[in-house]
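Take a look at the structure below.
Numbering (the working numbering), first residue to last: 12 to 891.
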């Protein structure tokens, strides 16, 4: 068995870079055409004026720099709903443009075989006798299941061949001169036919002619309307669009040519692998002329003959990920992400907080999978050799391609066309992306190194496992990058609005308590994603289940227990030291109680990072998540139950306690669990990268699934416990739209009456009368008081106009009982009066009581109902 064949046995079939490049091409073309469809909408009728009017009317009252995230989400929600009619039309035009592109490309794809047959005057080749048998032998050698249709070319002076087709049918064209070589130069004939059958063997033909079809469809659908518009309108906006489109078109053209070159190289490798080292394909390729410059090579459809000869001599070169694959994959995702975000934002108008998350769900696996596959193949090609630098390089290249791709997306090019610089991402964003992808790369290479001859199903399982574990992190990262708050840090003691100082204590104690309450907001908000911790379990369960006894899970669990024990010792020391050294006044303050809790949380996180850095032996990328989560779960249990009991026993908080044990608040348990595990996981990832180059000591593996499975069950339990609190956070957040909720908290704030309809009987002689009004104000305060500024209520009854008015604003106490608002202690001095046809004070009386209101409240809308009346209100202000 040749070296190339042995490597193919380890890694699977020879991969083709055509798939990555085609995805880049398709992503760029579809996203660009979709955005052009939205821009085309502006040129029809007075849509520009409609949009300007809509944006003036719907401008959010809060800006992106608001301190309150919920206020910003509330503003985005109101703005998105207000713009729904405009953005919905734009989204439809984007969809129509992409569908038109697909239809035109499909027409080209179906027409290519007929056009080639007619253009080159090809006729059916009726292979017979020895020729038929020889062609069948070559087909079986390549592994082509279905025989192609052989066509005879009319050129007798050349010995070329061509493979094309559509769907399942394949055509192989053999020039007349090549048929003569069957008799005169059998080696040449064999090499050329094997090369063409290698084209027909896989997805080569599909990708080649879909590429050509997309290119011509892009030219027709994108450029023809834009050029016509440029000639007719001659506006600066159209010229900017032309310039931006030219940049994108250059990328599309270079990508198309790269696909065609990759097509030839891949066919060379497959043909050489089956033809053996004695074939003449290498000599034929070496005789081809070389491009005179790199620029000509980038525009050529055929690759450099020197590179082709190297691949033919060693087909295993194609198994190793090439340097351009990761940047190209990142570029594809980076180009499509901003345009996709723009389209989704205009479609999911009722849930603006979900728009970016949907894009994150899509790009998360798109970023994780290429790195995992490339790192897997790199490790498989070098068994027994540690490859730390190469996987890290994959991560850096992919991240770089993604960042550059974001800058050349058509939406971004048009957006920055009037500015002097590019909007590069926040440095924290780049660092987090590279670190996350680097962890994926190291993990995949570690799992790959555990196999000597992996079955075909292993790689898809591994890729699915790491993509599932990492995609919520990448999705959350994209959300915060999108809203430009990836560098957002807050101190909880400053954001709470309460006095959390520690009196009668050394200054360093207050400083320590202050800095332990610093929170990275994107990570803090991820606390309420229920499935993010359970999915971490895939990082150790997948490798353990597919390898059984390769990974030393007991070593990871032992490290996790040691980390939890170290946390326990440190936590006990902190509690006892606080009891001995701080005064009773300091320990009795709220600032000390909060500061001590967050200090213990910080110690638990440090213990996890210590476990990640100190874990010895091989397979650290797989075992570290298990060890870190074990430390996090056990440390949190000790923190919430053991340290609370210890604090009561030594009276560290200087508060009387009825018993030494008390169940902590449920939300506190969930939040602390997630804070410890998530923060520890992120910082431990950086710890893994720091020690990645350290040579591990060799230890005998001792596998086992029981205890790792128990840790996974604990991680799942964290997710299950998070669901109720996460749901409450979700439904009360205005980022999710107008989901109905009830409760006293929703009432707080100022409301304006949109519509009031009530039926009252003021006189038995007149009978029931229907009153209507708008504009009344209701202000509910957290101290249990409400101020009602009631507008006049009007009734048109039997040709007479009755008007009920109030002498002033009414102040009362209120409380909520289920879905009812009950009023009492109405302040005296306010009267009501009814006038009929401008005759004042027909009826009058003091305001002494209000009937209870049955209410339904969302973040923006409230409905109050009772006997004979319905009131609809909208919020104008949140509580201070």
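We treat Cβ as the ideally placed atom computed from N, Cα and C, and that holds for glycine.
Since residue 831 is in the alpha helix (DSSP H), which residue starts that stretch and which ends it?
No alpha helix (DSSP H) holds residue 831; the beta strand (DSSP E) holding it covers 831-835.
Local conformation of residue 500 per DSSP, three classes:
strand
Kindly indicate which three-state DSSP category residue 267 falls into: helix, strand or coil?
helix
Does the contact criterion of 3 or more C-beta pairs under 8 Å hold for the stretch 408-417 versus the stretch 334-347?
yes
What do you get for residue 118, buried or exposed, if any count of 16 or more other CB atoms within 10 angstroms of its CB means buried?
exposed
Going by DSSP in three states, residue 513 sits in which element: helix, strand or coil?
coil
Could you tell me how far apart the beta carbons of residue 649 and residue 579 are, in whole angstroms, since I believe they sit closer than 8 Å?
5 Å
Which parts of the stretch 767-825 are runs of the beta strand (DSSP E), unbroken and 3 residues or longer, counting only runs that do not cross its ends?
780-784, 788-791, 796-800, 804-808, 811-817
At what residue ranges does the stretch 539-593 contain a whole run of the alpha helix (DSSP H), taking only runs of 4 or more?
543-547, 549-558, 564-592
Nearest by alpha-carbon distance to residue 166: which of 633, 159, 190 is it?
190
Could you check the C-alpha separation between residue 744 and residue 757 for me, to the nearest Å?
For residue 744, the predicted structure reports a pLDDT of 46, less than 50, and the residue's modelled location is therefore unreliable. A value from the coordinates is still provided. So the two alpha carbons sit approximately 11 Å from each other.
Presumed contact (8 Å Cβ cut-off) between residue 581 and residue 607, rounded CB distance
Not a contact, Cβ separation roughly 13 Å.
In or out: residue 679 buried (at least 16 other Cβ within 10 Å) or exposed?
exposed
If you compare alpha carbons, which of 57, 696, 677, 187 is closest to residue 731?
677
Could you give the distance in angstroms between the alpha-carbon of residue 385 and the alpha-carbon of residue 535?
32 Å
Can you tell me whether residue 41 is helix, strand or coil according to DSSP?
helix
Since residue 736 contacts residue 620 with CB under 8 Å, what's their CB separation in whole angstroms?
The pair is not a contact, with the Cβ atoms about 26 Å apart (cut-off 8 Å).
As a quick exercise: from 204, 192, 237, 880, pick the residue whose alpha carbon is nearest that of residue 184.
204
Contact belief for residue 160 with residue 180 at Cβ below 8 Å, rounded distance in angstroms:
7 Å
Leaving out the 5 sequence neighbours to the left and right, which residues in its chain are closer than 8 Å to residue 836 when beta-carbon positions are compared?
823, 824
Excluding the 5 residues preceding and the 5 following residue 811 in the sequence, name in chain order all residues of the same chain whose CB lies nearer than 7 Å to its CB.
847, 848
Same chain, Cβ closer than 6 Å to residue 132, five either side skipped, listed in chain order:
165
Distance, residue 529 Cα to residue 598 Cα
21 Å
Just checking my contact of residue 790 with residue 761 at CB under 8 Å: how many whole Å lie between their CB atoms?
5 Å
Distance CB(residue 673)-CB(residue 655) smaller than 8 Å:
yes
Give me the Cα-Cα distance between residue 647 and residue 622, rounded to the nearest whole angstrom.
15 Å
Nearest CA to the CA of residue 633: which residue from 192, 51, 280, 450?
450
If you draw a straight line from the alpha carbon of residue 222 to that of residue 868, how long is it in whole angstroms?
54 Å
At what residues does the alpha helix (DSSP H) containing residue 865 begin and finish?
Segment 864-868 is the beta strand (DSSP E) holding residue 865; no alpha helix (DSSP H) there.
Length of the line joining the Cα atoms of residue 616 and residue 610
10 Å
Cβ atoms of residue 413 and residue 378: under 8 Å apart, would you say?
yes
Decide yes or no for the touch test of the stretch 478-494 against the stretch 570-577: beta carbon pairs closer than 8 Å, at least 3 of them.
no
Proximity below 8 Å, CB of residue 235 to CB of residue 111:
no
Sufficient close CB pairs (3 or more, under 8 Å) joining the stretch 780-788 to the stretch 799-808:
yes
Roughly how many whole angstroms lie between the Cα atoms of residue 240 and residue 416?
27 Å
Please determine, among 856, 843, 857, 814, the residue with the shortest C-alpha to C-alpha distance to residue 850.
814
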